[in-house]
Each structure stands twice: as structure tokens, then as C-alpha cells.
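One structure is given below, encoded as C-alpha cells.
Chains as they are written, first to last, in the working numbering: chain P, 4 to 255; chain F, 4 to 255.
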């Protein structure tokens, strides 16, 4: 029997521009008695990554375009916030009910192009997604290796609403050291039937699992360690594998 | 620090028609040294629920309609399998690339209306979704209470492809004893910002977390125990809360 543990990383300081996330995670994990181990998967919420990278925008310093003002009027949103959302977007999927669903420059389709207002210090500050979440994940992974000597995987997660189903779940927007999809086509089931369609989005499942401790009432937990899950290592992993091109989408 | 554990339930027999799943789960959990505890969440894959309920269909006994034959020709699928899929469906969302995306009678939109060919004994046998997955979950929960005296939540899970993103994840298609969505609107974040949009689909996140042990290489693990997650109890929970009506869907 092989139990998986989801360990919240508590005691991290409020993350600010220039902070060394890899070091802070190693220190907090050690301090709480669960030092980083080989094979751990470290799930980090995007907002602290953006904050550590100085990717925080003060809305008072943003001059909204006319188009942003139009959409702000339609949605009831702050025009400066709409401007930031538009700057992060390469297309708008839908506007309605006060919401903007946009495709980010990375290719993620999500509400407000992933621009987060919550858990950002400063009343007028917002945090867009990291500019290159895979690179952010690789940097954190590298720092953890330098500091602890441990080989881990790192996933940057974000909370996404989704088509067809109510409620948000956490998904992976950046990965390092782990293949985000486990391809099981060709394997046989318990009764010898060969699996024809089976590609598990484990990076998304791991992000959702981490959210069970990250999203708990005790706020200020932006990092979780998932321990005991056997995953396929990869040095050139990318979260782009998780994005389905529109022309291949049968659902929409 | 509050760690969550995902415990695979090993040693279950091949489930067949009439089997008492609640009893078998209690026995297997006790035998492996992790007896059911109060507050556990038991995640059960739908295929063993369907098998225990006798909800298995031998394709040799199915006479395909003319429409089923047409779709079989277009998709390259077995006409009898297509007939079963159509019987489970209330609408077809899309047919293409050899796939059928359908809306089940329950309202779930998924490939093949959830009819599973894998992990069903008998070369010509398939397992549709349970007829009423919430009722199935409630029955298992009730039996676990009768046998172990423990108050648990039960989630029936299924593997779903999804719009916009590659790879499948596990989601909840039946729930008992647990509110499937955690509504956090109105709560404040770390910096006092009030959350306006935050309804977490925890039943889906728990299903995905469970899949990390259920979907591992060691086949024959159809059940997981999630221990240590604080959830909102509910006696009248329904998985219907997780289905977003099309007219309210901004993504598609």
C-alpha cells in the first residue's frame, strides 16, 4: 500500500519582489519538520511567483484604453483592471454577466486572463500570471536542488473556472521536472483490454490535490508538497502540453 | 500543519453483480491496517459501482438501431457499443475523429456517454454509468456506517476528457455526505480583500486527488480513502450542483 501525502507548507513570509522562493520553501519545509525529499512535487500558487518576480501592477498607474473603458462599462469592472486584463490577452472568448473570459498570451483560457486581485498586498495591486510559468518552475526547482540537494518537480498552479461544470479547480500553468501528461495508451487493463484513450493530466490532478491544503480556511498557505507519487521525470517538460488547440477540441 | 493522506484500498475482489461494496471496502481497509475513520472521504470509481449494481451490458445481446449503425460507420466503433452509448444519452454534442461526445441522461457531457469498456470482465461487456450515482453513493455510505459505525463521505468518480485542456482528469459524478462545492464568496483573503468569485469544486478536486493512487500502475485499485480533509457535511448533497447549465456557460 502506497499512501500519498499532501503536506501544506506553513510559515512562509509575505512574498515580495526579489524573494528567493526556492530557498524560502526549503527553509519553511525544514522548519515544520518535513524537509524536502527526493521525488517530492512542490506545488506553488502563481500569485506568489508573480509577486517574487515583481510582476505586480498598481492599478493607479495604468491608463485604460478606450476599448478597456467600453468593456469596463459593460462588465462593471474597474477600467484599469480591464486594461491589465487586455494587455495579458491575445483574444477575448466571451464577455457576459460581468465576467471576461480571455485567452492569455500563454494560451490559457480563463477568467480575467488570470489576473488576480486576491492575495496581493496593496488595495490597488493586481498580479498577472508569471510571464513564463515553465521558466519560473524551472528556476524554483533549480534553487531547491542547489539548496537542499534534492531532485523535485515543481508545478505552478492557478484556480480556473471551466466549461460544462460549476466551481473552480486548480490546474497547472507551469511545470518543471515532471511530464504533465501520463500517456497510458497501449497499456492493458485488469482484464487484458488494451486502453485506447487514456492520457491522464496528472499535473492538473496534482494541482487540484494540492489545493485541498492550499485552499483551506487557514489562509497564507501558497505552497504544498506532494510526497509519495511516482511520476515520469522530464527535463524539458512544458505546460503547453496541457493546452488543447481549439481546432482539435470536440467539446466546444 | 495538517497533512492530507490519500490511501489506496488494495485487495478488493473483482466486483460482481450483487456485491456489497460498502462491506467489501470496510473489510479491505481494515485488512490493510487503515480501517475507516470518521470524516474519511471514500472515492469509488464508477465502473465497480455499475458492476455491483448489475449495470453491465453484453454487446452481443444489443441490437443496434439504424442510426447507431450510421454513427458506427462514421466513427469506426462497434455498432452495438454505439447503440449502448445512444441509449445512455439525451443529446450528442459532437462526433468527430472517431469520438462521440454525448450528454448523458444525468446531464454529464463526456466521451461515449461514460460507457466504459476497460476494467469490465468479459470481452464483450461494457459498463454504463450508474443509473443514479448520488443514490449509489448514499447506499455505500449507509452500508459503511452500518458496518463500521463511521460517518464518511462517498464520491463516485469517473475519468473525463474536457474542453480546452489536453488529458483526462477524474471528476465526481455522485456524492453523499459532502457538499460538492465549497462556496467561499464573501470570505476575505490574507490582505482583507473580499473574495467575489470563489466556489471551489472540491468533489472534483478530491476525485482527481484519489486518481493519483487509483490510476497508478498497480491495477485493480478502484477505491481510495482521503483522510484529513475538513469538508462541509451535507445530508442532501447532489452531484447535480457540479453541472453547469449550458445557458450559463461563458466558456463555450
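Glycine included, every Cβ here is placed at the ideal spot set by N, Cα and C.
Per-residue contacts from residue i into chain P (C-beta, under 8 Å)
| i | result |
| --- | --- |
| residue 109 of chain F | Within chain P, no residue comes near residue 109 of chain F; the closest Cβ sits about 13 Å away, beyond 8 Å. |
| residue 174 of chain F | 168 |
Minimum Cβ-Cβ distance from residue i to chain P less than 7 Å
| i | result |
| --- | --- |
| residue 247 of chain F | yes |
| residue 181 of chain F | no |
| residue 112 of chain F | yes |
| residue 232 of chain F | yes |
Residue-chain proximity (residue i, chain F), Cβ-Cβ < 7 Å
| i | result |
| --- | --- |
| residue 237 of chain P | no |
| residue 49 of chain P | no |
| residue 99 of chain P | yes |
| residue 106 of chain P | no |
| residue 95 of chain P | no |
| residue 78 of chain P | no |
| residue 136 of chain P | no |
| residue 61 of chain P | no |
| residue 184 of chain P | yes |
Partner residues on chain P for residue i, Cβ-Cβ distance less than 9 Å
| i | result |
| --- | --- |
| residue 52 of chain F | Within 9 Å Cβ-Cβ: nothing; residue 52 of chain F doesn't reach chain P, min ~16 Å. |
Per DSSP, the bridge partner or partners of residue i
| i | result |
| --- | --- |
| residue 169 of chain P | Paired residues: none, contrary to the question. |
| residue 119 of chain F | F:130 |
| residue 61 of chain P | P:128 |
| residue 97 of chain F | F:104 |
| residue 185 of chain P | P:203 |
| residue 237 of chain F | F:180 |
| residue 6 of chain F | The partner list for residue 6 of chain F (beta bridge, DSSP) is empty, contrary to what the question assumes. |
| residue 157 of chain F | F:45, F:179 |
| residue 92 of chain P | P:107 |
| residue 162 of chain P | P:173 |
| residue 246 of chain F | P:168 |
| residue 230 of chain P | P:8 |
| residue 114 of chain F | F:104 |
| residue 251 of chain P | None; residue 251 of chain P has no bridge partner. |
| residue 191 of chain F | F:197 |
Residues that residue i contacts on chain F, provided the C-beta gap is smaller than 7 Å
| i | result |
| --- | --- |
| residue 166 of chain P | 166, 167, 252, 254, 255 |
| residue 244 of chain P | 169 |
| residue 204 of chain P | 168, 169, 170, 171, 172 |
Chain-ordered neighbours of residue i on chain F, where CB pairs are closer than 9 Å
| i | result |
| --- | --- |
| residue 56 of chain P | The premise fails here: residue 56 of chain P is roughly 19 Å from chain F at the closest Cβ pair, so nothing lies under 9 Å. |
| residue 69 of chain P | None at all; the shortest Cβ gap to chain F is about 24 Å. |
Cβ-Cβ separation, residue j to residue i (assumed contact under 8 Å), whole Å
| i | j | result |
| --- | --- | --- |
| residue 171 of chain P | residue 204 of chain F | 6 Å |
| residue 31 of chain P | residue 57 of chain P | Rounded, the Cβ-Cβ distance is 21 Å, inconsistent with contact. |
| residue 100 of chain P | residue 107 of chain P | So it is not a contact: roughly 20 Å between Cβ atoms. |
| residue 62 of chain F | residue 127 of chain F | 5 Å |
| residue 54 of chain P | residue 247 of chain F | Not a contact, Cβ separation roughly 31 Å. |
| residue 195 of chain P | residue 136 of chain P | The pair is not a contact, with the Cβ atoms about 40 Å apart (cut-off 8 Å). |
| residue 45 of chain F | residue 228 of chain F | 6 Å |
| residue 11 of chain P | residue 217 of chain P | 7 Å |
| residue 225 of chain P | residue 50 of chain P | 7 Å |
| residue 28 of chain P | residue 212 of chain P | Not quite, the Cβ-Cβ distance comes to about 17 Å (not below 8 Å), so this is no contact. |
| residue 109 of chain P | residue 132 of chain P | 7 Å |
Partner residues on chain P for residue i, Cβ-Cβ distance less than 7 Å
| i | result |
| --- | --- |
| residue 6 of chain F | 8, 9, 10 |
Exercise for the section: Check each residue of the segment 207–220 of chain F: if its Cβ is closer than 8 Å to any Cβ of chain P, include it; give the result in chain order. Expected result: Of all residues in the segment 207–220 of chain F, those with a C-beta nearer than 8 Å to a C-beta of chain P are 207, 208, 209, 211, 212, 214, 215, 216, 218, 219, 220, reading in chain order.
Problem - Residues, ordered as in the chain, of the segment 143–155 of chain P that lie near chain F by beta-carbon distance below 9 Å - result: The segment 143–155 of chain P vs chain F, Cβ under 9 Å: nothing.
Problem - Proximal residues, the segment 8–24 of chain F versus chain P, C-beta separation under 7 Å - result: Residues of the segment 8–24 of chain F with a Cβ closer than 7 Å to any Cβ of chain P, in chain order: 8, 9, 10, 11, 13.
Handout entry: Residues of the segment 24–47 of chain P whose Cβ lies closer than 7 Å to any Cβ of chain F, in chain order
Key = Against chain F - using a Cβ distance shorter than 7 Å - the residues of the segment 24–47 of chain P are 35.
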